[in-house]
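Written below as structure tokens is the structure these notes are about.
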Amino acid sequence: MMENTSNFIKTIMKQELENGVVDHILTRFPPEPNAYLHIGHARAIITNFELAKSFGGKTNLRFDDTNPVKEDVEFVEAIKEDLAWLGYTPEIVVYGSSYFEETYEKAILLIKKGLAFVCDLSQEEVSAYRGDTNNPGKNSPYRDRSIEENLKLFEEMKNGVYPNGSKTLRAKIDMSSPNINMRDPVIYRIIHINHHQTGDKWCIYPMYDFAHPLQDSFEGITHSLCSLEYEDHRPLYDWVINNCDVKHKPRQIEFGRLGITNMIMSKRYLKQLVDEGYVKGYDDPRMPTLTGLRRRGFTPNAIKNFILSTGLSKINSTIDYEMLEHFLRDDLKMKSARPMAVIDPLKVVITNYPEGKVEELPVLNNMENPELGSHTITFSRNLYIEKEDFLEEKPNKHWKRLSKGLEVRLMNAYFIKCEEVIYDEKGEIVELHCTYDEKTKNGTGFNERKPNGTIHFVDAATAQSATFNLFEPLILDSVVSSENFKERLNPNSWVTKEGFVEAWLKDTKPMDKYQFVRNGYFTTDYESKGNKLIFNRIVNLKSSFTK
RNA sequence: AGGCCUUUAGCCAAGCGGUAAGGCAACGGACUUUGACUCCGUCAUUUCACUAGUUCGAAUCUAGUAAGGCCUACCA
Numbered sequence: 003m004m005e006n007t008s009n010f011i012k013t014i015m016k017q018e019l020e021n022g023v024v025d026h027i028l029t030r031f032p033p034e035p036n037a038y039l040h041i042g043h044a045r046a047i048i049t050n051f052e053l054a055k056s057f058g059g060k061t062n063l064r065f066d067d068t069n070p071v072k073e074d075v076e077f078v079e080a081i082k083e084d085l086a087w088l089g090y091t092p093e094i095v096v097y098g099s100s101y102f103e104e105t106y107e108k109a110i111l112l113i114k115k116g117l118a119f120v121c122d123l124s125q126e127e128v129s130a131y132r133g134d135t136n137n138p139g140k141n142s143p144y145r146d147r148s149i150e151e152n153l154k155l156f157e158e159m160k161n162g163v164y165p166n167g168s169k170t171l172r173a174k175i176d177m178s179s180p181n182i183n184m185r186d187p188v189i190y191r192i193i194h195i196n197h198h199q200t201g202d203k204w205c206i207y208p209m210y211d212f213a214h215p216l217q218d219s220f221e222g223i224t225h226s227l228c229s230l231e232y233e234d235h236r237p238l239y240d241w242v243i244n245n246c247d248v249k250h251k252p253r254q255i256e257f258g259r260l261g262i263t264n265m266i267m268s269k270r271y272l273k274q275l276v277d278e279g280y281v282k283g284y285d286d287p288r289m290p291t292l293t294g295l296r297r298r299g300f301t302p303n304a305i306k307n308f309i310l311s312t313g314l315s316k317i318n319s320t321i322d323y324e325m326l327e328h329f330l331r332d333d334l335k336m337k338s339a340r341p342m343a344v345i346d347p348l349k350v351v352i353t354n355y356p357e358g359k360v361e362e363l364p365v366l367n368n369m370e371n372p373e374l375g376s377h378t379i380t381f382s383r384n385l386y387i388e389k390e391d392f393l394e395e396k397p398n399k400h401w402k403r404l405s406k407g408l409e410v411r412l413m414n415a416y417f418i419k420c421e422e423v424i425y426d427e428k429g430e431i432v433e434l435h436c437t438y439d440e441k442t443k444n445g446t447g448f449n450e451r452k453p454n455g456t457i458h459f460v461d462a463a464t465a466q467s468a469t470f471n472l473f474e475p476l477i478l479d480s481v482v483s484s485e486n487f488k489e490r491l492n493p494n495s496w497v498t499k500e501g502f503v504e505a506w507l508k509d510t511k512p513m514d515k516y517q518f519v520r521n522g523y524f525t526t527d528y529e530s531k532g533n534k535l536i537f538n539r540i541v542n543l544k545s546s547f548t549k
């Protein structure tokens, strides 16, 4: 694990530990199971787990399922899978709904203390009574019901006597508070619906603002981390903690959201992309979802290092996508083999190489990391090189690849010199006729002359055909908002090419990762099979070529 | 009758009264069987949004100003 720099939350935890405010750290990751996790959630996960871990603490996974109309088990399974993929094991896995009984009892306690009341106002009326940012609210006419009446009414709410929306339980705080969250917030509402965990047991459900602090407290969470938009909710969080006679008093701390250029993560936008067919699903390799990034070939380690190195603050940051790319390459560099693949093939005939002859040449899987072993490639008369490695017109001195009359090194093999360009009747290049020099064979240490660069190739005699999926951002600009996203969609976000890979890759398995020399990092797609190899480009190699 | 929060380089970010870390990007150069990697160098002193002030000393403390964000679901 890499060194992570200091941040304000770490500083707070350290101080509280030193001052004896807490004697351990327990955090929690509380997703609502109503959507697939994306890289923004990864930051919350990594932050919670790594922060706790740095103090020898633990982290719980708690499904925040207090609103059954929006949630589904499909997502709880997906979330568990994503968390495991990131490499984290929660101390405990619970549901907010596991605490419905205790939460209900705390509501009764509040009623008994005269701090909560059953309100008959409709949703519209509640809204009208609430006032706005410039005007104080008005007390509900039901605010002064007796404790006995409130107790009776609340129990009837629980017993299903009343229809949806007819009554709520509200905390009695301050209708004139400048913080609108404190204007007698609703803490329980009636919803007659089947809950994915508790079935039909309950028809009243606590609101997030009431349930969350209690759940944190029940679990003994020391620091409840959430995003910036909950800052205004903290006074309510503290009010609940301070008025519900709880044993443990957790502290809510808010931090900024993660934004990445050319990546939009809003739930609504992601859903639209899928529902309207702009992508192939939530696991489309272009999606910022964890399932999509996984398919794309992103590694948990790269994501983790990226998140930790970008730090944490109270700013809603927008980090350059290049930063993520850097950590992807950084993680993959020493771990993946570097075979050759030709994505856009151009046929080359070595005219002075005997027909029918096939040579086997040894190559290191990763020249920088011999521990990754070695394999052999073949060399024979017919080869494929990358179309863009051949320049038809006369090149200038900066051209470090092949052209007519120039000699280049075929990586791991021989020098070849282009003697002739063969065209078809339409004037398109069909193939190149080249000669090779036997003395320049790889490993001989030949240094009598310098080639005009080194290019990669695949032997046509043994090549495996393969499909390459090349990706670009879904969104053309860096604006984080999803406004007018349809006009901003990148038409080239997914380009497919048909080419070849070395024979060595014929048994590649989904999720295997490679650096295809000079072409970037790739992973084998889920749908790749023996005779139909499919590779997804994870990230390109850096290049200073265009300058 | 509005409240809360934020502001350090192109993008992140450390810094917590003692004289501006680090990463990404960018730009030079060396090396190179990947135009990759690696290595070396450059990149905030009209410097920490701005203006006053406190102080021997301020990005750090105080006051004010400006810009941006969040808040008026029986969502989370």
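Add 2 to the 1-based position in the first sequence for the working numbering, that's all there is to it. Cβ atoms here follow ideal geometry from the backbone N, Cα and C, with glycine treated the same way. Quick caveat: nothing in here was measured; it's all calculated off a predicted structure.
* Element boundaries [beta strand (DSSP E), containing N307] -> Counting from one through the first sequence, the residue named residue 307 turns up at place 305. Going by DSSP, N307 is part of no beta strand (DSSP E) but of the alpha helix (DSSP H) stretching over P302 to T312.
* Asked: By DSSP, does M3 sit in helix, in strand, or in coil?
  -> As a working note, residue 3 is residue 1 in the first sequence. Any reading at M3 must be qualified, since the residue scores a pLDDT of 38, below 50, and its modelled position is unreliable; no value is offered.
* Quick one: using the 10 Å Cβ neighbour count with 16 as the cut-off for buried, is V75 buried or exposed? => Within the first sequence, residue 75 is the residue found at index 73, counting from 1. Label assigned to V75: exposed.
* the segment 529-538 touching the segment 390-401, judged by at least three CB pairs closer than 8 Å -> Taking one beta carbon from each stretch, the segment 529-538 and the segment 390-401 have fewer than 3 pairs nearer than 8 Å; the two do not touch.
* Asked: Does the segment 283-292 come close enough to the segment 229-245 that 3 or more CB-CB pairs lie under 8 Å?
  -> These segments do not touch.
* Asked: What did DSSP end up calling L476 once you bin it into helix, strand or coil?
  -> What you label residue 476 is simply residue 474 of the first sequence in a count that begins at 1. In the structure shown, L476 sits in coil (DSSP, three-state: anything other than H, G, I, E or B).
* Asked: L543 by DSSP, collapsed to three states: which one?
  -> As a working note, residue 543 is residue 541 in the first sequence. In the structure shown, L543 sits in coil (DSSP, three-state: anything other than H, G, I, E or B).
* Applying the criterion that 16 or more other CB atoms from any shown protein chain within 10 Å of the CB defines a buried residue, is Y528 buried or exposed? -> Taking the first sequence and counting its residues from 1, one reaches residue 528 at position 526. Y528 comes out exposed.
* Ordered along the chain, which non-local residues of its own chain (more than five positions away) have a Cβ less than 7 Å from that of S495? -> Within the first sequence, residue 495 is the residue found at index 493, counting from 1. So the list reads R288, F473, E474, P475 and L476, once near-sequence residues are dropped.
* Can you tell which of V503, A505 and E485 has the C-alpha that lies nearest to the C-alpha of R270? -> Along the first sequence, one-based indexing puts residue 270 at 268. Nearest of V503, A505 and E485 to R270, Cα basis: E485.
* **First through last residue of the beta strand (DSSP E) which encompasses G522** => Position 520 of the first sequence, counted from the start, is the residue given in the question as residue 522. Counting along the chain, G522 sits inside the beta strand (DSSP E) bounded by residues G522 to T526.
* So does the segment 404-413 actually touch the segment 446-459, counting three or more Cβ pairs closer than 8 Å? -> Yes, the segment 404-413 touches the segment 446-459.
* Asked: How many angstroms separate the CA atom of S56 from the CA atom of D186?
  -> Residue 56 sits at position 54 when you count from the first residue of the first sequence. Residue 186 sits at position 184 when you count from the first residue of the first sequence. Using only the alpha carbons, I get a separation of about 39 Å.
* To do: Starting from the Cα of K335, find the closest Cα among N371, V350 and F31 and give me that residue.
  => Working through the first sequence from its first residue, we reach residue 335 at position 333. Ranking N371, V350 and F31 by Cα distance to K335 puts N371 first.
* Would you identify the three-state DSSP class for W87, choosing helix, strand or coil? => The residue you call residue 87 lines up with position 85 of the first sequence. In the structure shown, W87 sits in a helix (DSSP, three-state: H, G or I).
* By DSSP, does Y386 sit in helix, in strand, or in coil? -> Translated into positions along the first sequence, residue 386 becomes position 384. DSSP places Y386 in strand when its eight states are reduced to three.
* For the candidate residues T526, T380, E327 and L507, whose alpha-carbon lies nearest to that of N542? -> The residue given as residue 542 occupies position 540 in the first sequence. Nearest Cα to N542 within the set T526, T380, E327 and L507: E327.
* **Proximity of Y164 and E158 at Cβ, strictly below 8 Å** => On the first sequence, residue 164 is found 162 positions in, with the first residue counted as 1. On the first sequence, residue 158 is found 156 positions in, with the first residue counted as 1. A Cβ-Cβ contact shorter than 8 Å links Y164 with E158.
* **Stretch-stretch touch, CB-based, cutoff 8 Å, three pairs: the segment 315-333 with the segment 102-119** => No contact exists between the segment 315-333 and the segment 102-119.
* Asked: Just how far apart, CA to CA, sit D211 and L238?
  -> Along the first sequence, read from residue 1 onward, the residue named residue 211 stands at position 209. Along the first sequence, read from residue 1 onward, the residue named residue 238 stands at position 236. About 7 Å.
* Span of the alpha helix (DSSP H) around D333 -> On the first sequence, position 331 is the one that residue 333 refers to. Start and end: Y323 to L334.
* To do: Kindly provide the ranges of any alpha helix (DSSP H) runs that are 4 or more residues long and lie completely inside the segment 10-66, ordered along the chain.
  => The alpha helix (DSSP H) runs of length 4 or more contained entirely in the segment 10-66 are, from start to end of the chain, 10-20 and 41-56.
* Asked: Does the Cβ-Cβ distance between F308 and I540 come in under 8 Å?
  -> Mapped onto the first sequence, residue 308 falls at position 306. Mapped onto the first sequence, residue 540 falls at position 538. One thing to note: F308 has its Cβ no nearer than 8 Å to the Cβ of I540.
* May I have the straight-line CA-CA distance separating R490 from D479, to the nearest angstrom? => Numbered from 1 along the first sequence, position 488 holds the residue referred to as residue 490. Numbered from 1 along the first sequence, position 477 holds the residue referred to as residue 479. Pairing R490 with D479, the inter-Cα distance amounts to about 7 Å.
* Asked: When DSSP labels each residue in this structure, what does V482 get in the three-state scheme?
  -> For the purposes of this step, residue 482 is identified with residue 480 of the first sequence, where counting begins at 1. Coil, per DSSP.
* Asked: Looking at A468 and G2, is the spacing between their C-beta atoms short of 8 Å?
  -> The structure shown does not extend to residue 2, since the chain is modelled only from 3 to 549, so the question has no answer here.
* Asked: Is DSSP giving P187 helix, strand or coil here?
  -> Translated into positions along the first sequence, residue 187 becomes position 185. Of the three classes helix, strand and coil, the one that applies to P187 here is coil, per DSSP.
* Closest Cα partner of F119 within the set V188, K160 and Y516 -> On the first sequence, residue 119 is found 117 positions in, with the first residue counted as 1. Nearest option by C-alpha distance: V188.
* Asked: Can you tell which of E18, F547 and D202 has the C-alpha that lies nearest to the C-alpha of H400?
  -> Position 398 of the first sequence, counted from the first residue, corresponds to residue 400. Answer by Cα proximity: F547.
* With a Cβ-Cβ cutoff of 8 Å, do Y516 and S338 count as a contact? -> On the first sequence, residue 516 is found 514 positions in, with the first residue counted as 1. On the first sequence, residue 338 is found 336 positions in, with the first residue counted as 1. Contact: yes.
* Asked: Quick one, are the C-beta atoms of K169 and I195 less than 8 Å apart?
  -> Translated into the one-based positions of the first sequence, residue 169 becomes position 167. Translated into the one-based positions of the first sequence, residue 195 becomes position 193. No, the Cβ-Cβ distance between K169 and I195 is not below 8 Å.
* To do: Quick one: grab the DSSP three-state call for I182.
  => The residue labelled residue 182 in the question sits at position 180 within the first sequence. Reduced to three states, the DSSP call for I182 is helix.
* In whole angstroms, what is the alpha-carbon distance linking L310 and Y323? -> Reading the first sequence from its first residue, position 308 is the one you call residue 310. Reading the first sequence from its first residue, position 321 is the one you call residue 323. When rounded, the distance between both Cα atoms is 15 Å.
* Closest residue to Q17 among H225, L216 and I94 (Cα-Cα distance) -> Reading the first sequence from its first residue, position 15 is the one you call residue 17. The candidate whose alpha carbon is nearest that of Q17 is H225.
* Asked: For D509, which of V497, V519, S530 and N492 has the nearest alpha-carbon?
  -> Along the first sequence, one-based indexing puts residue 509 at 507. Here the closest residue by C-alpha is S530.
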